[in-house]
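Residue numbers (our numbering), protein chains in the order written: chain A, 1 to 225; chain B, 1 to 225.
C-beta atoms are modelled at their ideal positions from N, C-alpha and C, and glycine is treated no differently.
Keep in mind the model is a prediction, meaning the values are calculated, not measured.
There are 2 protein chains.
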Amino acid sequence: MARVFIIEDDAEIRRLVANGLARAGHDVETAASALDGLRQVVADSPDVLVLDLGLPDMGGDELLRMLRAVSQIPVIVATAQDDDASAIALLDSGADDYVVKPYAVEHLEARIRAVLRRGHSSDAGGRLEIGGLSVDRASREASVDGVALELTPKEFDLLLFLTERAGEVVTKRELLAQVWREPYGGSERTVDVHLSWLRKKLGESAAEPRYLRTVHGVGVKLVEP
Amino acid sequence: MARVFIIEDDAEIRRLVANGLARAGHDVETAASALDGLRQVVADSPDVLVLDLGLPDMGGDELLRMLRAVSQIPVIVATAQDDDASAIALLDSGADDYVVKPYAVEHLEARIRAVLRRGHSSDAGGRLEIGGLSVDRASREASVDGVALELTPKEFDLLLFLTERAGEVVTKRELLAQVWREPYGGSERTVDVHLSWLRKKLGESAAEPRYLRTVHGVGVKLVEP
DNA sequence: GCGGCGAATCAAGAAATCATCAACACCGGC
DNA sequence: GCCGGTGTTGATGATTTCTTGATTCGCCGC
Numbered sequence: 001m002a003r004v005f006i007i008e009d010d011a012e013i014r015r016l017v018a019n020g021l022a023r024a025g026h027d028v029e030t031a032a033s034a035l036d037g038l039r040q041v042v043a044d045s046p047d048v049l050v051l052d053l054g055l056p057d058m059g060g061d062e063l064l065r066m067l068r069a070v071s072q073i074p075v076i077v078a079t080a081q082d083d084d085a086s087a088i089a090l091l092d093s094g095a096d097d098y099v100v101k102p103y104a105v106e107h108l109e110a111r112i113r114a115v116l117r118r119g120h121s122s123d124a125g126g127r128l129e130i131g132g133l134s135v136d137r138a139s140r141e142a143s144v145d146g147v148a149l150e151l152t153p154k155e156f157d158l159l160l161f162l163t164e165r166a167g168e169v170v171t172k173r174e175l176l177a178q179v180w181r182e183p184y185g186g187s188e189r190t191v192d193v194h195l196s197w198l199r200k201k202l203g204e205s206a207a208e209p210r211y212l213r214t215v216h217g218v219g220v221k222l223v224e225p
Numbered sequence: 001m002a003r004v005f006i007i008e009d010d011a012e013i014r015r016l017v018a019n020g021l022a023r024a025g026h027d028v029e030t031a032a033s034a035l036d037g038l039r040q041v042v043a044d045s046p047d048v049l050v051l052d053l054g055l056p057d058m059g060g061d062e063l064l065r066m067l068r069a070v071s072q073i074p075v076i077v078a079t080a081q082d083d084d085a086s087a088i089a090l091l092d093s094g095a096d097d098y099v100v101k102p103y104a105v106e107h108l109e110a111r112i113r114a115v116l117r118r119g120h121s122s123d124a125g126g127r128l129e130i131g132g133l134s135v136d137r138a139s140r141e142a143s144v145d146g147v148a149l150e151l152t153p154k155e156f157d158l159l160l161f162l163t164e165r166a167g168e169v170v171t172k173r174e175l176l177a178q179v180w181r182e183p184y185g186g187s188e189r190t191v192d193v194h195l196s197w198l199r200k201k202l203g204e205s206a207a208e209p210r211y212l213r214t215v216h217g218v219g220v221k222l223v224e225p
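Right under this line is the structure:
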């Protein structure tokens, strides 16, 4: 349960999403314009903000920048379909995650949980622990059962991201966007290869998984062994 | 843990940061304006001050100068995003460190710990020891396994900074800002060269590291051998 | 059980990053 | 003005890391 704020100009969508999230047990507030939303967000300080792109009165990046000047509240951006490029630009502007419209409300809800989980876990000094796996942001070191891993940058980023989203299935496209930060570039097989390497270093294989579980047709998720 | 004082005019941020630090076990006091803050800091003499830039009633540098006239308390400046220039000006005005807004509270907490560590160790003779490496702030001397090193000023500053942040990966850009104190200036390769020299004097090389470990694509970190 | 398709792995070329050498610029003291 | 010591920039070679292609493997539905 969390306090969620939604900025969305379309009344219909706003109603739908708000109802859905309320049914899921969240406390929901909404605004129809960027300026209104910004004002209320600062005043109410909700736990997470869902921000629609393409608002009439202000660009998403502008709003984000203004918001970031005064608050570090997690922001999930809702972007028009498949416009990866702008979504990634937004991530760089300080958004925490994004969903592609039209999105299922449950999908959004999963993101909200993930973002909140992330926020809380990082309170523990920047180190994440799951099962015997430990990932440390500051030193960029990771270990399994106390044994340090020798990871390349991408491998570490990949592992970190999956660990932050532990238990949640992540698609390869999403990994390309969030870990690789390249809107158009790479094929999804790049992700496969890196996952393979990561598995090898984690002492597991796809056939004999321990942490990295393949979800056929969807993606991967990092789980407790 | 520590007594932290926060001067920040935005009520929202103030609340967020204060709560976060309190949760981390600190004793937190706050003020909303420079004049108020200054008065209280002098009266309470906390262990560390977190100072927001862009206060309405006084410029950050002015406040710092006034404060420094009466107190040696460590100061961490919070600056608007990427405004390296002003942050560095502040460092020269007597600030001890800075964070870029929006910052994660854990990040700030890490800085607080670092500043306090610095403060305490300098009380204890100002010497940092890691592995066989010893760095003395007061006399600006360093040694490895008891053998003194002949370091140039920049080399010493570099080593000192890395030692203070031992175990943490530091980017070259960060080193440029904090050790070189140049906002935009130098290229990152300057850092490479100095690192190379430092390594040579430490009796190691990039291929055969002992203290200075390269983290490809990110930066360097100083580790226990 | 068979065919189709996504996934995993291996291998090799491409790209990015880094380390080091060497030459040059700067600064203050003499 | 000259000089030693320092810091910066350029060039180059080496290393690490990333991407892509080809192939095999394994899951899933029929």
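Proximal residues to Asp123 (chain B) (C-beta, below 7 angstroms), its chain only, five neighbours per side dropped: Caution is warranted here: a pLDDT of 41 is assigned to Asp123 (chain B), below 50, making its placement in the model unreliable, and the coordinate value is therefore given only provisionally. Excluding sequence neighbours, Asp123 (chain B) sits near nothing in its chain.
Classification of Ala104 (chain A) by the beta-carbon crowding that lies within 10 angstroms, buried from 16 upward: exposed
For Asp10 (chain A), three-class secondary structure by DSSP: coil
Reduced DSSP secondary structure (H/G/I, E/B, other) of Lys101 (chain A): coil
Ala24 (chain B) versus Glu109 (chain B) - alpha carbon distance: 8 angstroms
Nearest-angstrom Cα separation, counted from Glu29 (chain B) out to Thr152 (chain A): 42 angstroms
Which listed residue (A:Leu159, A:Asp36, A:Pro102) has its alpha carbon closest to that of Arg127 (chain A): A:Leu159
Closer than 8 angstroms to chain A by CB, Glu168 (chain B): yes
Beta-carbon proximity list for Trp197 (chain A), same chain, < 7 angstroms, skipping 5 on both sides: Glu155
Residue of B:Asp96, B:Val100, B:Asp57, B:Ser93 minimising C-alpha distance to Ser71 (chain A): B:Val100
Minimum Cβ-Cβ distance from Val191 (chain B) to chain A less than 8 angstroms: no
Proximal chain B residues relative to Ser93 (chain A), where beta-carbon distance stays under 8 angstroms: Ordered by position in chain B, no residue passes the 8 angstroms Cβ test against Ser93 (chain A), which lies about 10 angstroms from the chain.
Beta carbon proximity, Lys221 (chain B) to chain A, threshold 8 angstroms: yes
Spatially closest choice to Ser181 (chain A) from A:Val50, A:Leu55, A:Ala89, by CA coordinates: Per the sequence shown, the amino acid found at residue 181 (chain A) is Arg instead of Ser. The shortest Cα separation from Arg181 (chain A) among A:Val50, A:Leu55, A:Ala89 belongs to A:Ala89.
CB contact check: His26 (chain B) to chain A, cutoff 8 angstroms: no
Any 3 or more C-beta pairs closer than 8 angstroms across the region 167 to 180 of chain A and the region 216 to 225 of chain A: yes
Beta-carbon proximity list for Glu224 (chain B), same chain, < 7 angstroms, skipping 5 on both sides: Ile130, Gly131
Same chain, Cβ closer than 8 angstroms to Ile112 (chain A), five either side skipped, listed in chain order: Ala2, Val4, Leu21, His26, Val48, Val50, Ile76
Ranges of the alpha helix (DSSP H) found wholly within the region 117 to 200 of chain B, counting only runs of at least 4: 153 to 164, 172 to 175
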